[in-house]
Amino acid sequence: MDKTYEPQAIEPRWYAFWEEQGYFAPSGQGAPYCIMIPPPNVTGTLHMGHAFQYTLMDALTRYYRMKGCNTLWQPGTDHAGIATQMVVERQLAGEGKTRHDLGREAFIDRVWAWKAESGGTITRQLRRMGASVDWARERFTMDDGLSAAVREVFVRLYDEGLIYRGQRLVNWDPVLHTAVSDLEVASAEENGFLWHIRYPLAEGGGDLVVATTRPETMLGDTAVAVHPDDTRYQHLIGLHVALPLTNRQIPIIADEYVDPSFGTGCVKITPAHDFNDYAVGQRHHLPLINIFTADAKINDNGPEPYRDLDRFEARKRIVADLEELGLMEEIRPHKLMVPRGDRSHAIVEPFLTDQWYVKTAPLAGPAIAAVKTGRIKFIPENWEKTYFDWMNRIEDWCISRQIWWGHRIPAWYDEQGAVYVGRNEAEVREKHRIGPKVSLTQDSDVLDTWFSSALWPFSTLGWPDNTEALKTFYPTSVLVTGFDIIFFWVARMIMMGLKFMDDVPFREIYIHGLVRDQDGQKMSKSKGNVLDPLDIIDGVSLEELVAKRITGLMQPQMAPRIEKATRKQFSAGIHAHGTDALRFTFASLATTGRDIVFDMGRVEGYRNFCNKLWNAARYVLMNTEGKDTGLNGGSIERSAADRWILSRLQQTIAEANAAVQGYRLDQLAQAIYEFTWNEYCDWYLELAKPVLTDPASAEAAQRGTRQTLVQVLETLLRLLHPLMPFITEEIWQRVAPLAGKIPPNPPLPKGGAEGEGISIMLQPYPEANHAQVDAAAEADIEWLQQFLLGVRRIRAEMNIAPGKLLPVLLQHGTDADRERLERHQRALLTLGRLQSIVWLSEDKAAPDAAIALVGGMKILIPMAGLIDKTAESARLDKEIAKLRQERERGLAKLGNADFIARAPAVVVEKERTRMMELQMAVAKLEEQLAHIRLL
Numbered sequence: 001m002d003k004t005y006e007p008q009a010i011e012p013r014w015y016a017f018w019e020e021q022g023y024f025a026p027s028g029q030g031a032p033y034c035i036m037i038p039p040p041n042v043t044g045t046l047h048m049g050h051a052f053q054y055t056l057m058d059a060l061t062r063y064y065r066m067k068g069c070n071t072l073w074q075p076g077t078d079h080a081g082i083a084t085q086m087v088v089e090r091q092l093a094g095e096g097k098t099r100h101d102l103g104r105e106a107f108i109d110r111v112w113a114w115k116a117e118s119g120g121t122i123t124r125q126l127r128r129m130g131a132s133v134d135w136a137r138e139r140f141t142m143d144d145g146l147s148a149a150v151r152e153v154f155v156r157l158y159d160e161g162l163i164y165r166g167q168r169l170v171n172w173d174p175v176l177h178t179a180v181s182d183l184e185v186a187s188a189e190e191n192g193f194l195w196h197i198r199y200p201l202a203e204g205g206g207d208l209v210v211a212t213t214r215p216e217t218m219l220g221d222t223a224v225a226v227h228p229d230d231t232r233y234q235h236l237i238g239l240h241v242a243l244p245l246t247n248r249q250i251p252i253i254a255d256e257y258v259d260p261s262f263g264t265g266c267v268k269i270t271p272a273h274d275f276n277d278y279a280v281g282q283r284h285h286l287p288l289i290n291i292f293t294a295d296a297k298i299n300d301n302g303p304e305p306y307r308d309l310d311r312f313e314a315r316k317r318i319v320a321d322l323e324e325l326g327l328m329e330e331i332r333p334h335k336l337m338v339p340r341g342d343r344s345h346a347i348v349e350p351f352l353t354d355q356w357y358v359k360t361a362p363l364a365g366p367a368i369a370a371v372k373t374g375r376i377k378f379i380p381e382n383w384e385k386t387y388f389d390w391m392n393r394i395e396d397w398c399i400s401r402q403i404w405w406g407h408r409i410p411a412w413y414d415e416q417g418a419v420y421v422g423r424n425e426a427e428v429r430e431k432h433r434i435g436p437k438v439s440l441t442q443d444s445d446v447l448d449t450w451f452s453s454a455l456w457p458f459s460t461l462g463w464p465d466n467t468e469a470l471k472t473f474y475p476t477s478v479l480v481t482g483f484d485i486i487f488f489w490v491a492r493m494i495m496m497g498l499k500f501m502d503d504v505p506f507r508e509i510y511i512h513g514l515v516r517d518q519d520g521q522k523m524s525k526s527k528g529n530v531l532d533p534l535d536i537i538d539g540v541s542l543e544e545l546v547a548k549r550i551t552g553l554m555q556p557q558m559a560p561r562i563e564k565a566t567r568k569q570f571s572a573g574i575h576a577h578g579t580d581a582l583r584f585t586f587a588s589l590a591t592t593g594r595d596i597v598f599d600m601g602r603v604e605g606y607r608n609f610c611n612k613l614w615n616a617a618r619y620v621l622m623n624t625e626g627k628d629t630g631l632n633g634g635s636i637e638r639s640a641a642d643r644w645i646l647s648r649l650q651q652t653i654a655e656a657n658a659a660v661q662g663y664r665l666d667q668l669a670q671a672i673y674e675f676t677w678n679e680y681c682d683w684y685l686e687l688a689k690p691v692l693t694d695p696a697s698a699e700a701a702q703r704g705t706r707q708t709l710v711q712v713l714e715t716l717l718r719l720l721h722p723l724m725p726f727i728t729e730e731i732w733q734r735v736a737p738l739a740g741k742i743p744p745n746p747p748l749p750k751g752g753a754e755g756e757g758i759s760i761m762l763q764p765y766p767e768a769n770h771a772q773v774d775a776a777a778e779a780d781i782e783w784l785q786q787f788l789l790g791v792r793r794i795r796a797e798m799n800i801a802p803g804k805l806l807p808v809l810l811q812h813g814t815d816a817d818r819e820r821l822e823r824h825q826r827a828l829l830t831l832g833r834l835q836s837i838v839w840l841s842e843d844k845a846a847p848d849a850a851i852a853l854v855g856g857m858k859i860l861i862p863m864a865g866l867i868d869k870t871a872e873s874a875r876l877d878k879e880i881a882k883l884r885q886e887r888e889r890g891l892a893k894l895g896n897a898d899f900i901a902r903a904p905a906v907v908v909e910k911e912r913t914r915m916m917e918l919q920m921a922v923a924k925l926e927e928q929l930a931h932i933r934l935l
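Heads up, the sequence shown stops at 935 in the UniProt record's numbering, and the numbers go up one at a time, no gaps.
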């Protein structure tokens, strides 16, 4: 093995080897285990959320593959209708063209050409993350098979009356000219105004004052509402107001939707331009007056002076006219949530249009029952409540979009506007007996991207054909996804799966959190706090990182602040950490909580963990390669340390299996980390040295220790492989022959795969062997550890040089202590760097000494000649003063009300924790100082 661990040198060649050998494909043996990848956008690039989610899925897939399951991780990408169309339209804009210049067919050809050339970015990045998906089965939501499935579902639902076309209110993007889903709308608080407008009573006798954040929509008002119990206005219910700037009168109605305490308690009702108002309008049978064009200009339903004005220009004119008429009561600054399209960043308008809808109530009932009866299980279980809350209030689903890229709706119109639905035009003509002379025009809309992705669990497996893959892998085993798309994707997959497969699409739903930055803030380009996972893997310079963060800003004025913060946080850029360190970081953060607070310090720590494992493997190989590890017979004698590490390994294996099966990859990572670092590397490798280096050691004992070294390491690598696939494969190929797992000198990939190979990923995942659990050995080594830790603590507290040989006196020990000392004296002398260990008689007074306890046994180290009391006291005084000063500064910060109010909660809590740690450190140093002065 190379002296230095270099992930960039090993990761690409191992992935190429795995893929070329076909190791990601289902084995055809064992119980089926299947995960469907949530299809990333074909336009996308890997972000931290993707990297986190794919780490979880790959860990589960690799684990169950090693458990002997017939494993499929199904890959694929989503055509991402709006996002992809925008990419290509921007290219055309650079050429001075629009899609309309090309026409629909040529534009679609252009999109396919872009997809072929540039659409595979995220799949290449998935490979870099080590994703063991079966690339031979990769699907695309617009490929022929999935497109056929989409048409089939649409036609069947339409024929059953579950799809219809109707006029309703939708989220409308006036720049993209299409309806968009709630998930494609980002609402954020912005500064605005609350306009208080007088609406004169039509019957005379005064007016009502209404408050609105969008005065331009008053042109479409069809009522003013008050709460039925509001005594201020009960006498006016049923009367009318004269709608200013128009020649219309509108009624005063009573509805419990109104909040009497907000504003004046009078609410203008505009059913065609507000979702809540729409519901009020339906209850009171109010007319719907749409005053906007598709690009949010005032249409012919508005009064003459405002027609063709942009909505915000119309707002200015309307406000000015109201002020001139004396009808503007008041204008107040007001913060409000403003909905913007996540692609265009334009303010989204509630807009009344004709769209295609799915009737969801008949589909929702079975989907609710599937979770209630336990056919589908949410993990954590608390997400069931979120699911039920939405499903019980579900509304019909708008599935049409006014763009060109996507699955075109399979509906045709004749010249009279009659609609016919079929899988293709020929089927429509045959089904409805429409002759060739009748002109039919296909609907120009395409389906919502979520419509095709709702079919993902069965369409990717070949439905509507009853393929072997469909019979084998449906229902899938688990869905791994974020809580933010429970409504948009999870619920719809359940509804469609039950409808068309008569079974649930997955047995379990593992809901993970969202990745946030170290201050607990959501990562986004607009905030300038994003991290590219590949930059963490391969490294990035400070200048490149600054440029990346500034490029995505929605508010360019933030650039100086973002640059300053980035330069402060990453003054040296980000050096390469490798995929395994990043994956292990994600696994360690995969708790059942909602948010994952990402800290680069943890990645650094797990990069050190990789180094620790690498160096441990090098030590094992140096002491076992070319030596007798007991593979060819010969007596084996295992020391207490050998039996102890094997016993501890069994406990770790049991914890690891339980953690994965309980979807607690954080506990898996913790169990493996603690065993590897603390028990195997820090203790066992040290305990093995006296046996291996002492010429007096019996050959059987050396053989036993060598065998234990490789046996435990080989098992540990298999245990760790699902989380760290690359480093474990690299080391395992060297260690496995020594453990008798594979023949010596297997063919290894050199810059790619050549010929047959053997991989750790196809080896069995460890199972605990309870016969190797050894309570006596564990108790023995626990005693030895406490002995050595006591000596080391005295060294640290008294500032004694690590290499200084120390005399040790023991007092008050039991017979068991004396027996253990006899068995482990050689290890204690070597590992503790001890000059001698002598029992002090019970009646003899102990000298001035530092003391440690192991149970009831005293460990005494005489201080005479070991330390300079005066110098050590001065050193501790200085250190205590420094920590006190640091704590005073921190306490002053926490006492600053402005800091508490402005700083993120995570930062405040981190500062409080630091103050507690400083207080404990000062107390510990004061205790040491008092002890030294007593010597």
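Glycine included, C-beta positions come from ideal geometry on N, C-alpha and C.
Start-to-end residues for the beta strand (DSSP E) that takes in M328: Position 328 of the sequence shown, counted from the first residue, corresponds to residue 328. Per DSSP, the unbroken beta strand (DSSP E) holding M328 starts and ends at 328-341.
Sequence-distant residues of the same chain with beta carbon closer than 7 Å to Y15, five excluded per side: Stepping through the sequence shown from its first residue, residue 15 is reached at position 15. Within the same chain, Cβ atoms closer than 7 Å to the Cβ of Y15 are found at R127, G130, the five residues on either side in sequence being excluded.
Minimum length 4: unbroken alpha helix (DSSP H) runs contained in the region 484-557: Positions of the alpha helix (DSSP H) runs, each at least 4 residues long and wholly inside the region 484-557, are given as 491-501, 533-538, 542-551 in order along the chain.
How would you write the range of the alpha helix (DSSP H) that residue 1013 sits in, first residue to last? In the structure as shown, the chain starts at 1 and stops at 935, and residue 1013 therefore has no counterpart that could be examined.
Using three-state DSSP, classify I851 as helix, strand or coil. Along the sequence shown, read from residue 1 onward, the residue named residue 851 stands at position 851. Residue state, collapsed to three classes: strand.
R139 (DSSP reduced to helix, strand or coil): As a first step, residue 139 is located in the sequence shown; it is residue number 139 there, counting from the start. When secondary structure is reduced to three states using DSSP, R139 falls in the strand class.
Residue closest to R315, alpha-carbon to alpha-carbon, out of F193, R375, I237, Y357: Indexing the sequence shown from 1 puts residue 315 at position 315. In this structure, F193 is the residue among F193, R375, I237, Y357 with its C-alpha nearest to the C-alpha of R315.
Kindly confirm or deny that the region 895-911 and the region 851-858 touch, where touching means at least three C-beta pairs closer than 8 Å. Touching, no, given that fewer than three Cβ pairs across the two stretches are closer than 8 Å.
How about D229 and P350: do their beta carbons lie closer than 8 Å? Position 229 of the sequence shown, counted from the start, is the residue given in the question as residue 229. Position 350 of the sequence shown, counted from the start, is the residue given in the question as residue 350. Cβ atoms of D229 and P350: not closer than 8 Å.
For the alpha helix (DSSP H) that contains K377, what are its first and last residues? Along the sequence shown, read from residue 1 onward, the residue named residue 377 stands at position 377. Unbroken run through K377 is the beta strand (DSSP E), 377-379; no alpha helix (DSSP H).
For the putative contact between M328 and K268, defined by C-beta atoms under 8 Å, what is the C-beta separation to the nearest angstrom? Position 328 of the sequence shown holds residue 328. Position 268 of the sequence shown holds residue 268. With a contact defined as Cβ atoms closer than 8 Å, M328 and K268 miss out at about 14 Å.
G755: buried (16+ other C-beta within 10 angstroms of its C-beta) or exposed? Within the sequence shown, residue 755 is the residue found at index 755, counting from 1. Below a pLDDT of 50, predicted positions are generally treated as unreliable, and G755, at 41, falls in that range; the measurement from the model is reported next regardless. Exposed, by the Cβ-count rule.
Can you grab the Cα-Cα spacing for the pair G751 / Q53, in whole Å? Counted from its first residue, the sequence shown places residue 751 at position 751. Counted from its first residue, the sequence shown places residue 53 at position 53. In this prediction, G751 has a pLDDT of 45, which is less than 50 and means its spatial position is unreliable; nothing more can be read from the coordinates.
Going by the CB atoms, is the gap between L531 and D484 shorter than 8 Å? Position 484 of the sequence shown holds residue 484. Position 531 of the sequence shown holds residue 531. The answer is no: Cβ separation not under 8 Å.
Going straight from the alpha carbon of P807 to that of V838, what length do you get? Working through the sequence shown from its first residue, we reach residue 807 at position 807. Working through the sequence shown from its first residue, we reach residue 838 at position 838. Going by the C-alpha atoms only, they are around 8 Å apart.
Limits of the beta strand (DSSP E) - the one that R393 falls within: By 1-based counting over the sequence shown, the position of residue 393 is 393. Where R393 is concerned, there is no enclosing beta strand (DSSP E), given that its DSSP letter is neither H nor E.
Just verifying my parser: in three-state terms, what is the DSSP assignment at A930? Taking the sequence shown and counting its residues from 1, the one referred to as residue 930 is at position 930. Secondary structure at A930: helix, using DSSP grouped into helix, strand and coil.
For Q785, which beta-bridge partners are listed by DSSP? Here residue 785 is taken as the residue at index 785 of the sequence shown, counted from 1. The partner list for Q785 (beta bridge, DSSP) is empty, contrary to what the question assumes.
Assumed close pair S132, D78 - CB separation to whole angstroms, cut-off 8 Å: Walking along the sequence shown from the start, residue 132 turns up at place 132. Walking along the sequence shown from the start, residue 78 turns up at place 78. About 21 Å separates the two Cβ atoms, so there is no contact after all.
Decide if V210 is buried, meaning its Cβ has at least 16 other Cβ atoms within 10 Å, or exposed. Counting from 1 along the sequence shown, the entry for residue 210 is found at position 210. In this structure V210 is buried. Its beta-carbon is surrounded by 16 or more other beta-carbon atoms within 10 angstroms.
Going by the beta-carbon positions, is the gap between V504 and I494 smaller than 8 Å? Translated into positions along the sequence shown, residue 504 becomes position 504. Translated into positions along the sequence shown, residue 494 becomes position 494. Inclusion of V504 and I494 in the CB contact set at 8 Å is warranted, their separation being smaller than that value.
Return the first residue and the last residue of the alpha helix (DSSP H) that I318 is part of. As a first step, residue 318 must be located in the sequence shown, where it is residue number 318. Element bounds for I318: 311-324.
Nearest neighbour of D538, chosen from A547, R607, K499 [CA to CA]: On the sequence shown, position 538 is the one that residue 538 refers to. The option with the nearest alpha carbon to D538 is R607.
Going by beta carbon distance, what residues of the same chain come within less than 6 Å of W18, once the five residues before and after it are set aside? Residue 18 sits at position 18 when you count from the first residue of the sequence shown. Counting only Cβ-Cβ distances below 6 Å, and skipping sequence neighbours, we find nothing.
Where A753 and Q733 are concerned, what is the direct C-alpha to C-alpha distance, given to the nearest angstrom? Walking along the sequence shown from the start, residue 753 turns up at place 753. Walking along the sequence shown from the start, residue 733 turns up at place 733. Caution applies to A753, whose pLDDT of 41 falls short of 50 and renders its modelled position unreliable; the value that the coordinates give is listed next. Looking at the two C-alpha atoms, the distance is approximately 14 Å.
So does the region 332-340 actually touch the region 174-191, counting three or more Cβ pairs closer than 8 Å? The answer is yes - the region 174-191 touches the region 332-340, with three or more Cβ pairs under 8 Å.
Unbroken beta strand (DSSP E) runs of length 3 or more, entirely within the region 35-91: which are they? Runs found: 70-74.
Which residue's Cα is closest to the Cα of L92: V111, G204, A80? The residue you call residue 92 lines up with position 92 of the sequence shown. That would be V111, whose Cα lies nearest to the Cα of L92.
7 Å CB neighbourhood of D207 in its chain, flanking five on each side removed: Along the sequence shown, one-based indexing puts residue 207 at 207. Correct list, in chain order: R198, Y199, P200, L201.
With DSSP as the reference, label A753 as helix, strand or coil. Position 753 of the sequence shown, counting from 1, holds the residue named residue 753. Summary for A753: the model assigns pLDDT 41, below 50, so the residue's position carries little reliability; its value from the coordinates is reported in the next sentence. In the structure shown, A753 sits in coil (DSSP, three-state: anything other than H, G, I, E or B).
I'd like to know if the region 634-652 and the region 666-682 are in contact, where contact means that at least 3 CB-CB pairs between them fall below 8 Å. Yes, the region 634-652 is in contact with the region 666-682.
Please classify A688: is it buried, with 16 or more other beta-carbons within 10 angstroms of its beta-carbon, or exposed? Here residue 688 refers to the residue found at position 688 of the sequence shown. The residue in question, A688, is buried, as its Cβ has 16 or more Cβ neighbours within 10 Å.
Ranges of the alpha helix (DSSP H) found wholly within the region 759-839, counting only runs of at least 4: You should have 775-797, 815-831.
Does C681 come out as helix, strand or coil in the three-state DSSP assignment? Along the sequence shown, read from residue 1 onward, the residue named residue 681 stands at position 681. DSSP places C681 in helix when its eight states are reduced to three.
Start and end of the alpha helix (DSSP H) containing T178? By 1-based counting over the sequence shown, the position of residue 178 is 178. That residue, T178, is in no alpha helix (DSSP H); its beta strand (DSSP E) goes 178-180.
Helix or strand or just coil, what does DSSP make of Q919? For this step, residue 919 is matched to residue 919 along the sequence shown. Note: Q919 maps to helix in three-state DSSP.
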